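Participant: The following block contains the structure, expressed as structure tokens.
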Amino acid sequence: MALNLYEMDPQIYDDYIDTEIEKINFNKVFELTKKIADKNESVEILDFCCGTGIFPRKWLTKLNNIKYLGVDVNSNFIKFAKEKLKDKQFSFVIEDSVTFKTEKKFDIVLATSSYHHIKDEQKRNFLKNIFSHLKNDGVLIVYEKIVNSFSDKIEAVESGTKFYLERIKYMMKTEKLSENQLFALFNEQYLTAIRHEEYKVDFQHFKDDVENCRMKIKEHIKLWPKEDLFHNDKVGDFVFLIVKS
């Protein structure tokens, strides 16, 4: 059986999100979320593929006018999230983010490192599900790792491997990584290359999927890399602000 980060101790994933590069990315997501929350008396947030709940636990607890629902199919991650965050503002459910349904509409839908966990043939269904849960004036905030385009399995290996080699080298140069963090990084590289649990795509693919689901990218912010490592300015870590068309 292949080693799979998402089937192991949730603390490993939690530690990975605690790296400096991920903090920068989630800080930007929080900045955009807070900007919306500051303009409203109360805000309803739906978080698809919420993982271990580290984002609400370390960032969203700073906001006192929100009500949060986190959704993830991983029962171990949800159990971990519930144990770590017991505040009544926050709730978590074990559900598939592609098929999850509730009558409630939300001011903000979060999809932080979520889209790439959805198989390619289900990506548009995932985005359509987001659309159906978003208020007409609501905002979808997405954080995604975007790779170079590829046309077959061999090119997918090259694209995913190069992305993570550069990412890992950068992180090793700029911060001291724990064993858990290094394992998570190399495991993500492996899973991305073989396209198992990690189904990353290129910028245009993502944009086309968004527009197919009656939404549009209002703003995209590139956070890493600052230099032209990939000879393509549409490869790297991006935060997207997305609204209904």
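For the sequence shown, the UniProt record's numbering assigns the number 1 to the initial residue and increments by one for each residue that follows. Backbone N, C-alpha and C fix where the C-beta goes; we use that ideal spot for every residue, glycine too. Note that the coordinates shown come from a computational prediction; the quantities given were computed from them, not determined experimentally.
Would you list the one or two residues that DSSP bridges to residue 44?
Facilitator: 67, per the DSSP bridge assignment.
Participant: Measure the CB-CB distance between residue 236 and residue 193 and report whether it falls below 8 Å.
Facilitator: No, the pair does not count as a contact, with Cβ atoms beyond the cut-off.
Participant: Mind checking who residue 141 pairs with in its DSSP beta bridge?
Facilitator: According to DSSP, residue 141 bridges with 110 and 241.
Participant: In angstroms, rounded to a whole number, what distance separates the CA positions of residue 12 and residue 190?
Facilitator: In a straight line, the C-alpha of residue 12 is about 16 Å away from that of residue 190.
Participant: Using a Cβ-Cβ cut-off of 7 Å (strictly less than) and excluding sequence neighbours within five positions of residue 95, which residues of its own chain qualify?
Facilitator: The residues are 71 and 73.
Participant: Thinking C-alpha only, which one of 3, 202, 14 and 127 is nearest residue 178?
Facilitator: Minimum Cα distance to residue 178 is reached at 14.
Participant: According to the neighbour-count rule (16 or more other Cβ atoms, all chains shown, within 10 Å of its Cβ), is residue 169 buried or exposed?
Facilitator: Exposed is the call here.
Participant: Check whether the region 196 to 209 and the region 34 to 51 are in contact - that is, three or more C-beta pairs closer than 8 Å.
Facilitator: At 8 Å Cβ cutoff, the stretches do not touch.
Participant: Skipping 5 residues on each side, what residues in its chain have a beta carbon closer than 6 Å to that of residue 77?
Facilitator: Within the same chain, residue 77 has close Cβ partners 10, 51 and 52.
Participant: For residue 198, is the classification buried or exposed, using 16 other Cβ atoms within 10 angstroms of its Cβ as the cut-off for buried?
Facilitator: By the neighbour-count rule (16 or more Cβ atoms within 10 Å), residue 198 is buried.
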